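Everything on this sheet refers to the single structure shown next.
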Amino acid sequence: MATETAQAAGGTASADEHLQLEDRIWLLRAMLLMRGIEERAMSLYRQGKVPGSFYDGFGQEAVSAGAAFAMAPEDRLCILHRDLAAHLIRGVPPTRILAQYMGRAAGITRGRDGNVHFGDRRLGCVGMVSMLPDMMLVATGMAMAFKLRGERRCALTWFGDGSTSRGDFHEAMNWAGVQRLPVVFVLENNQYAYSTPLDKQFAVDPVERAAAYGFAGVKVDGNDAEAMFDATRQARQRAVDGEGPTLIEAVTMRMHGHAAHDDMKYVPKDQVEEWRRRDPVDRQERRLRELDVDVDALRAEVAAEIDTAATEALAGPMPTGDDVLSGVFCEGEAEPLGDGHAPWSGFADARPAAGGDA
Amino acid sequence: MAVMTYLQAISSALRDELRADERVLLMGEDIGVFGGAFKVTDGFVAEFGSDRVMDTPLAESAIIGCAVGAAVVGMRPVCEMQFSDFISCGFDQLVNVAGKMHYRQDLAVPLVVRLPSGGGFSGGPFHSQNPEALFMHSPGIKVVAPSTAADAKGLLHAAIHDPNPVCFMEHKHLYRRVKGEVADGVYDTPFTARVARAGSDMVVIAYGAMVDIALQATEDLDGASVEVLDLRSLVPLDEEAILESVARCSKVVIVDEANMTCAAGAQVAALIAEKGFEDLDGPVVRVATPDVPIPFSPPLEQAVLPGVDRVKEACRELLAY
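Those protein sequence lines, which keep their order, are chains A and B. Residues -10 to 347, numbered by this note's numbering, are exactly what the first sequence covers, in order. Residues 388 to 708, numbered by this note's numbering, are exactly what the second sequence covers, in order.
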C-alpha cells in the first residue's frame, strides 16, 4: 500500500470543492479562538491564576481545526493537549475552557484535572491522559464497537511524534489494521517531543509504517487547515465506507516550549523563523482576505468573545473540596457519550436529530 | 439449581449475559475458536459468533484500551487476561485510563477484566501471581474474588452489571476443584463479605482460594469455635462485616495467597488496628506468601504458598495467646 502525499501549499482542488465560504471562515474562527484563548490563558498563568503549568498549541492550530471540522456529530474524538480548536468546534464554550485552566468549579473537570486534560462527554469527546498514545487504543475500541454494531461512524484521535515510540502506538495500529476499523489516527509531528528531536525518536518516517499495518498513510501540511480538513474528510469517508483506518501525518512545528517553563533553547532559531513564515493562522487569513472576507471584523468579534469568556471564568468560584471524595465510582447508570457539534456545511443535509448518544 | 464447578459457574454467567444483553462482548487471547486457555469459553463461538467472542491480537494493553473505548460508546466488554500475571502489560490502560475516567470527567467505564490468578500447580513466576492489591491501591477500580461456584457466578453477573471497571479475580486452582450448587439464571451477588462458617473463639479472614484452606485448617482445632469470613470483595471492602467478626471473636488470623507486603490482608489488619483495637484479645496474625516470586518446582512452591498446616499452626498459636 503506497504512502500518498497530499500537496496542499496553496490549497487543493478537492478542498475547494468541499468547503463553502462559511466553512473557510469557521476554520479561521476556530484557529483565532484557539490562539486567543491560549494567549489569554498564558497571561493568566503568569498572573498566578492558572495552577500547575500551561501547555499550548501555538503554531499547530490548523491540525486540530482542520481534522475536527471533518467529524460528524455521531463521530467520537480523543483530543490531545495541543488541539484546543477541536474542543471549540465540538461546541465547548470558551469560558468553560478558561475555567478549566484555572481549576475552577465551572471547568469541564470541575477542577479535578488540569490544562487540556478534558473531554466533554456530552459532546462525544473523551479526555486525554498524560501517557499520550493511550488514547489511540481508546479510539480503536470505539471504532471496534461502531463496526460490530454496523454503524457508519468513525473515531479519531491525535498524538505526537514522541507517541510513535510507545507500544500502545503499535498495538493500536496493529489492532485497527487487523480488524479494518473506522478510525483516523492523526500524528501531529511538531518536530519535538518535549526537547527530543525527530532523529532521536525514529529511524523511519512514521507515516511509512501505516503500510506495514495494512492501511493508508497520508502526509499532510499540518499548517494548512484546509489541507488538514480535506485529508481527514477523505480518511473519514474511507472509514465509514468500511475501507479501514488511515494514518495522517500532520507536519507542523511546536512554536512554544513544551510548557510555560520551557524556553526551548534546544531549538535552532532559524528553524523557528522558517516555521513562523508558515504560520497557519496567517495562511488562512490571507486566503480569506483574497476572498474579500472582513477578517478584521472577525478578529474583533473573536477578541470580544474571549474577553467576555475570561471575565465570566474569573468571576466563577473555585471548587470547595466538599465533594472531592465523590465520583470515584459511578453510582447510577453508565451514561455513554453524547453527540458533538459538526459545523461543516457538508453535514447539513445528513445531520441526525439532536440528542443522540452512545 | 444445578451442581457446577467454579469454572462452569463462570462459563454459565458469561453465557447467560451474552444471551441476555447484546451489549456484552468477550475479548481475549485464544478465547474464540480454541475456547480459552482454561476452556472457560469452550463452544461459545458456535453460539455467539466470533464478533462477540473475539480472538484479539496478543496485546494486553490493547485489550483493555479497546475495551475502554467500546465501553464508553455503550458496549459491556468482558476482557480475559489469559493469566492474571499478564495484566502488567495492560496496567496503564486499566489504572490510568479506565480507573480515573469517572472521577475526572463523569464518564463511566463499565468493563470487566477476568484475571485467572494464583498458584499451586507449578505455573512458575509468571503464571501464578495474585495481583489484586495493585488494583486496590488504584482509585476507581473494583476488585472481587470469589471462593465458591455460586459466588463465582453471582459476582461475575454483578461485575458485568456494574457501571465501573471491575477486576474479577478467578482462582485457577479452584476451577475444577471446587463444586457447589448454583442457582439458575441471572443473579447478582453483592460486593460484601460472607460468613463461610460462624464461630466465636477466633476469626480467620480470607478470600479466593484461601477460604477453603482456612476452612480445612480450622475444621477441627482442638474444639475451638472458629469463624471463617470470606471477603468476596476487596474493593469495596466490607469494613462492617470485618469489624463485626472481630468484635464477636476477638482473635484474628488473616490469610493471603498474595505476597505479604501491602497485600489485601495488610489493609484488613490496618483497619482492625484502627477501628477494632478495643475488641482484640491478641495480636493480629497474618499468614501470606513471603515476598518472593512464586517458584516453579513443587517443593519450592509449597514452601512459600500458605497451606493448611501453616494456617493451622498460626491459629493454634493465637488461640493459646
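Built from N, CA and C at the ideal position, the CB exists for glycine as well. Computed from a predicted model, the values in this text were never measured in an experiment.
CB contact flag (residue i, residue j, <8 Å)
i: A545(B); j: F578(B); result: yes
i: P533(B); j: L521(B); result: no
i: I451(B); j: A485(B); result: yes
i: G108(A); j: G92(A); result: no
i: A61(A); j: F336(A); result: yes
i: V674(B); j: A707(B); result: no
i: Q516(B); j: S504(B); result: yes
i: F47(A); j: F218(A); result: no
i: I86(A); j: H70(A); result: no
i: A214(A); j: A54(A); result: yes
Cutoff 8 Å: residue i Cβ touching any chain A Cβ
i: R349(B); result: Past the edges of chain B, shown from 388 to 708, lies residue 349(B), and the structure says nothing about it.
i: S448(B); result: yes
i: A495(B); result: yes
i: V460(B); result: yes
i: P577(B); result: no
i: L705(B); result: no
i: G452(B); result: yes
i: A457(B); result: yes
i: G527(B); result: yes
Closer than 8 Å to chain B by CB, residue i
i: Y182(A); result: At residue 182(A) the sequence reads Ala, which differs from the Tyr that was named. It does not: the Cβ of A182(A) has no partner Cβ on chain B nearer than 8 Å.
i: E322(A); result: yes
i: C143(A); result: no
i: M307(A); result: no
i: M133(A); result: yes
i: F107(A); result: yes
i: P195(A); result: no
i: T153(A); result: no
i: I68(A); result: no
i: D157(A); result: yes
i: L236(A); result: no
i: W164(A); result: yes
i: A161(A); result: yes
i: V261(A); result: no
i: P325(A); result: yes
i: A347(A); result: yes
i: P332(A); result: no
Paired residues, beta bridge with residue i - DSSP
i: E177(A); result: G149(A) and A239(A)
i: I68(A); result: G116(A)
i: F558(B); result: Residue identity check: residue 558(B) is His in the sequence provided, not Phe. In DSSP, H558(B) forms a bridge with S504(B).
i: C649(B); result: Per DSSP, none; premise fails for C649(B).
i: D210(A); result: V240(A)
i: V390(B); result: E568(B)
i: C466(B); result: M414(B) and V500(B)
i: T676(B); result: N646(B)
i: D479(B); result: Partner(s): none; D479(B) has no beta bridge.
i: I641(B); result: I592(B) and R673(B)
i: S620(B); result: V531(B)
i: E614(B); result: V590(B)
Exposure label - residue i; buried when at least 16 CB within 10 Å
i: R266(A); result: exposed
i: E696(B); result: Residue 696(B) is actually Asp in this sequence, not Glu. Per the 10 Å Cβ criterion, exposed.
i: D5(A); result: exposed
i: G231(A); result: exposed
i: G572(B); result: exposed
i: S119(A); result: exposed
i: P325(A); result: buried
i: E160(A); result: buried
i: E416(B); result: buried
i: Y183(A); result: exposed
i: E467(B); result: buried
i: A(-2)(A); result: Reliability of the predicted coordinates at A(-2)(A) is poor, the pLDDT of 39 falling under 50, and no value is obtained from them.
i: R110(A); result: buried
i: M124(A); result: buried
i: M441(B); result: buried
i: K189(A); result: exposed
i: A181(A); result: According to the sequence as given, residue 181(A) is Tyr; it is not Ala. Flag for Y181(A) reads buried.
i: S437(B); result: exposed
i: M(-10)(A); result: Note that M(-10)(A) scores a pLDDT of 40, beneath 50, so its modelled location is shaky and nothing firm can be said.
i: Q273(A); result: buried
i: Q260(A); result: exposed
Contacting positions in the region 537 to 566 of chain B - beta carbon closer than 7 Å to chain A: Result list: P550 and N551.
Short-range partners of chain A found in the region 615 to 647 of chain B, where Cβ spacing is below 7 Å: Taking a C-beta cut-off of 7 Å against chain A, none of the residues of the region 615 to 647 of chain B qualify.
Interface positions of the region 109 to 132 of chain A facing chain B (Cβ-Cβ less than 7 Å), listed along the chain: If the cut-off is 7 Å between Cβ atoms, the region 109 to 132 of chain A has R110, V115, G116, V118, M120, D123, L126, V127, A128, T129, G130 and M131 near chain B.
Positions along the region 82 to 103 of chain A whose CB lies within less than 9 Å of some CB in chain B: Here the close residues are I97, T98, R99, R101 and D102.
Residues, ordered as in the chain, of the region 459 to 487 of chain B that lie near chain A by beta-carbon distance below 7 Å: Of all residues in the region 459 to 487 of chain B, the ones placed with a Cβ closer than 7 Å to any Cβ belonging to chain A are V459, V460, G461, M462, D479, Q480, N483 and V484, in chain order.
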